[in-house]
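Q: Just passing along the structure, written as structure tokens.
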Amino acid sequence: MSTIDYSEKIPNNVNLSQDRTLQRALEQWQPNYLAWWQDMGPEGSRDFDVYLRTAVSVDPSGWAQFGYVKMPDYRWGIFLHPGDADRKIHFGDHIGEPAWQDVPGEHRANLRRIIVTQGDTEPASVEQQRHLGLTAPSQYDLRNLFQVNVEEGRHLWAMVYLLHRHFGRDGREEAEALLERRSGDRDNPRILGAFNEKTPDWLAFFMFTYFTDRDGKFQLCALAESGFDPLARTTKFMLTEEAHHMFVGESGVSRVIQRTCEAMKELRTDDPGELRAAGVIDLPTIQRYLNFHFSVTIDLFGADQSSNAATFYSTGLKGRYEEGKRADDHLLKGEHYKVLEVAGGRVVEKEVPMLNALNEVLRDDYIRDSVGGVNRWNRVIEKAGLPFRLAVPHKAFHRRIGALAGARIAPDGRVVSEAEWNAKVGEWLPTEADRAFVASLMGRVVEPGKFANWIAPPAVGINKQPVDFEYVRFN
Ligand SMILES: [Fe+2]
Ligand SMILES: [Fe+2]
């Protein structure tokens with residue numbers, strides 16, 4: 000069960016060859032997927048040999064195999080975590096019942112929506128990142144970008160398998176639509192806001208993989224609890240891949256900070272103008288990027304009060320983060336939770352039924368997790384003996400979804416006037432000038448072991464290879 004059959008057209012560990020109708024349907028979708036990859040995947044990369052990892056088993060130990068692959072030949076496939084035959088639903092109204100192996104009719108529409116929404120983010124991020132290969136700061140970073148891209152492609156396969164296998168004709172239509180929407184397209188955009196934003200430069204990419212891929216982690220963790228067992232099993236395996244994406248983000252930002260701190264010490268200055276002249280990204284600009292990516296990402300958890308969130312939980316479709324480790328009754332009826340609103344010129348807390356606040360619960364779990372990496376970034380600055388500290392902005396800052404949407408709130412949580420917002424927004428969010436400056440640093444570095452001036456090399460290479468290993472052969 001855990002070994003993947005690579006002799007088939009679509010590598011899988013779900014005995015695809017036993018279900019000829021399903022196999023044929025997916026084999027018809029496959030060329031459309033490849034056409035999408037050619038069209039919207041990493042630009043100009045078709046003939047590169049890239050040192051990539053490929054899943055060969057879903058066992059926690061040794062699932063990855065490394066080797067040179069041309070990306071269009073990457074073996075995208077269908078890998079589910081091995082199931083537990085006796086698994087029970089462990090939250091909501093169906094608690095204690097056997098987990099579903101097929102979609103219960105009454106939950107079909109909601110499950111389809113959950114799977115499509117998750118699936119839509121996967122190709123969206125590939126589209127958002129498709130130009131970045133042209134300005135990679137090193138071969139090492141280029142390889143990491145491509146690894147993230149092929150795995151997001153595989154995550155799309157994971158969701159498309161569920162749609163084809165469990166949702167009949169509707170599912171096949173949704174699978175086609177996933178290849179038709181485009182990130183940022185005016186007429187046919189991706190479903191969620193943050194996935195229509197641009198990822199124009201590598202600082203944005205590292206912030207995206209740190210913050211927005213972490214949203215992916217929390218959504219996948221909540222779905223890994225699902226009473227619909229195939230969804231739980233597929234998201235569990237996706238999570239093992241997601242960890243690397245967040246590593247790329249955390250270590251990427253950390254290396255940018257490290258290089259900036261080196262320049263600050265060399266030049267004995269914290270003046271952004273002097274640092275920019277020296278070709279590194281000043282810390283206040285990094286803070287503004289952080290504010291932007293953090294705020295658009297926490298919007299992805301949805302409205303702070305949501306009857307859909309309550310339904311998804313009570314019907315056993317989507318759990319909380321680490322549901323199984325929590326000590327409460329896993330029903331949550333009569334429980335309360337605090338959400339935020341603006342009242343009397345201040346951000347205040349308000350108690351609401353917890354079932355309706357489960358988006359907020361997941362958002363708060365996410366925020367706790369994302370602060371960890373910011374603290375580790377601060378240690379790099381501290382080690383350099385510099386007083387600057389990065390911080391995540393207040394949860395109410397720059398929100399577009401829920402009760403706080405459109406409120407004017409500073410990163411420290413103060414409600415501010417329109418005038419103050421307009422006067423200060425350039426200190427809080429990246430300006431056109433910031434983005435133009437960061438863009439001006441982006442130039443392709445292709446020689447093994449060489450790095451752009453604005454980023455420090457990593458401490459170690461990929462898969463124990465040296466940092467100056469040839470991670471990409473450009474041919
Ligand atoms: Fe993903
Ligand atoms: Fe990811």
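Position 416 of the sequence shown, counted from 1, bears residue number 415 in numbering that gives the first Met the number 0, the numbering being contiguous throughout.
The beta carbon of each residue, even a glycine, is placed where N, CA and C say it ideally should be.
1. Along the chain, which unbroken stretches of the alpha helix (DSSP H) at least 4 residues long are found entirely within the stretch 89-132?
2. Assuming contact is defined by CB atoms lying nearer than 8 Å, are Asn109 and Phe311 in contact in what I supplied?
3. Could you tell me whether the stretch 176-196 touches the stretch 227-242, using the rule of 3 or more Cβ pairs below 8 Å?
4. Would you please state the rounded distance, in angstroms, between the beta carbons of Leu222 and Thr234? I believe it to be under 8 Å.
5. Do the stretch 146-166 and the stretch 117-133 touch if we need at least three Cβ pairs shorter than 8 Å?
6. Which of the three DSSP states is assigned to Glu340 in this structure?
7. Could you round the C-beta distance between Asp92 and Ser305 to whole angstroms and report it? I think they count as a contact, below 8 Å.
8. So is the beta-carbon of Gly215 under 7 Å away from any non-hydrogen atom of ligand 1?
9. Which residues mark the beginning and the end of the alpha helix (DSSP H) in which Phe145 is found?
10. Suppose contacts are defined by Cβ-Cβ distances below 8 Å. Is His163 in contact with Ala174 by that definition?
11. Examine the Cβ distances between the stretch 136-149 and the stretch 461-471 and report whether three or more of them are shorter than 8 Å.
12. Mind checking which residues open and close the alpha helix (DSSP H) that includes Val480?
13. Using the beta-carbon count (16 or more within 10 Å), is His329 buried or exposed?
14. In terms of residues, what are the limits of the beta strand (DSSP E) holding Gln64?
15. Starting from Thr296, trace the alpha helix (DSSP H) in both directions and tell me its first and last residue.
16. When every heavy atom of ligand 1 is checked, does at least one fall within less than 7 Å of the C-beta of Met237?
17. I need the straight-line Cα distance from Ala390 to Lys264, nearest angstrom please.
18. Tell me whether His80, by its Cβ, gets closer than 7 Å to a heavy atom of ligand 1.
19. Tell me whether Ile454 sits in a helix, a strand or coil according to DSSP, three-state version.
20. So, using beta-carbon positions, are Ile285 and Ile256 closer together than 8 Å?
21. Less than 8 Å between the C-beta atoms of Leu339 and Lys394, yes or no?
22. Take Arg258 and list the residues in its own chain whose beta-carbon comes closer than 7 Å to its own, dropping the five residues that flank it on each side.
23. Taking its Cβ as the centre, do 16 or more other Cβ atoms sit within 10 Å of Tyr5, making it buried, or is it exposed?
24. Do Glu321 and Tyr336 have their beta-carbon atoms positioned less than 8 Å apart in this structure?
25. When DSSP builds the beta bridges, which residues end up paired with Asn11?
26. Under 7 Å from any heavy atom of ligand 1, does the C-beta of His154 make it?
27. Cβ atoms of Arg287 and Pro392: under 8 Å apart, would you say?
28. May I ask which residues mark the beginning and end of the beta strand (DSSP E) holding Val49?
A: Put simply:
1. The stretch 89-132 contains these whole alpha helix (DSSP H) runs: 107-127.
2. For this step, residue 109 is matched to residue 110 along the sequence shown. For this step, residue 311 is matched to residue 312 along the sequence shown. One thing to note: Asn109 has its Cβ within 8 Å of the Cβ of Phe311.
3. By the Cβ rule, the stretch 176-196 does not count as touching the stretch 227-242, because fewer than three pairs are nearer than 8 Å.
4. For the purposes of this step, residue 222 is identified with residue 223 of the sequence shown, where counting begins at 1. For the purposes of this step, residue 234 is identified with residue 235 of the sequence shown, where counting begins at 1. Right, the Cβ-Cβ distance comes to about 4 Å (below 8 Å), so this counts as a contact.
5. By the Cβ rule, the stretch 146-166 counts as touching the stretch 117-133, because three or more pairs are nearer than 8 Å.
6. Translated into the one-based positions of the sequence shown, residue 340 becomes position 341. Three-state result, Glu340: strand.
7. Residue mapping note: residue 92 aligns to position 93 of the sequence shown, counting from 1. Residue mapping note: residue 305 aligns to position 306 of the sequence shown, counting from 1. The C-beta distance from Asp92 to Ser305 rounds to 18 Å, too long to fall under 8 Å, and the pair is not in contact.
8. As a first step, residue 215 must be located in the sequence shown, where it is residue number 216. Yes, Cβ of Gly215 sits closer than 7 Å to a heavy atom of ligand 1.
9. Along the sequence shown, one-based indexing puts residue 145 at 146. First-last of the alpha helix (DSSP H) with Phe145: 138-165.
10. Looking up residue 163 in the sequence shown gives position 164. Looking up residue 174 in the sequence shown gives position 175. Yes; because the gap between Cβ atoms is below 8 Å, this pair is in contact.
11. Contact holds: three or more Cβ-Cβ distances are below 8 Å.
12. There is simply no residue 480 to check, as the chain begins at 0 and stops at 474 in what is shown.
13. By one-based count along the sequence shown, residue 329 stands at place 330. By the 10 Å Cβ count, His329 comes out buried.
14. Taking the first residue of the sequence shown as 1, we reach residue 64 at position 65. 63-69 is the extent of the beta strand (DSSP E) around Gln64.
15. If you number the sequence shown from 1, residue 296 lands on position 297. For Thr296, the enclosing alpha helix (DSSP H) stretches over residues 282-297.
16. Here residue 237 refers to the residue found at position 238 when the sequence shown is read from its first residue. Using a cutoff of 7 Å, the CB of Met237 counts as near ligand 1, since one of the ligand's heavy atoms is closer than that.
17. Taking the sequence shown and counting its residues from 1, one reaches residue 390 at position 391. Taking the sequence shown and counting its residues from 1, one reaches residue 264 at position 265. Their Cα atoms are separated by approximately 22 Å.
18. For this step, residue 80 is matched to residue 81 along the sequence shown. Checking the Cβ of His80 against ligand 1 gives no.
19. For the purposes of this step, residue 454 is taken as the residue at position 455 of the sequence shown. Here Ile454 sits in coil by DSSP.
20. Start at 1 with the first residue of the sequence shown, and residue 285 comes out as number 286. Start at 1 with the first residue of the sequence shown, and residue 256 comes out as number 257. A contact, by the Cβ cut-off of 8 Å.
21. Here residue 339 corresponds to residue number 340 of the sequence shown, with the count starting at 1. Here residue 394 corresponds to residue number 395 of the sequence shown, with the count starting at 1. A contact, by the Cβ cut-off of 8 Å.
22. Within the sequence shown, the letter at position 259 stands for residue 258. Here Arg258 has Val279, Trp453, Ile454, Ala455 as same chain residues with Cβ atoms under 7 Å from its own Cβ, once five neighbours each way along the sequence are excluded.
23. Sequence index remark: in the sequence shown, residue 5 carries index 6 (1-based). Looking at its Cβ environment, which holds fewer than 16 other Cβ atoms inside 10 Å, Tyr5 is exposed.
24. Locating residue 336 in the sequence shown gives position 337, where the first residue counts as 1. Locating residue 321 in the sequence shown gives position 322, where the first residue counts as 1. Remark: C-beta atoms of Tyr336 and Glu321 do not approach each other more closely than 8 Å.
25. Your numbering for residue 11 matches position 12 in the sequence shown. DSSP, once it has assigned bridges, lists Asp4, Ile77 as partnering Asn11.
26. By 1-based counting over the sequence shown, the position of residue 154 is 155. A heavy atom of ligand 1 is found nearer than 7 Å to the CB of His154.
27. Your numbering for residue 392 matches position 393 in the sequence shown. Your numbering for residue 287 matches position 288 in the sequence shown. In this structure, Arg287 does not lie closer than 8 Å to Pro392 by Cβ.
28. Taking the first residue of the sequence shown as 1, we reach residue 49 at position 50. According to the DSSP assignment, Val49 belongs to the beta strand (DSSP E) that extends over 48-54.
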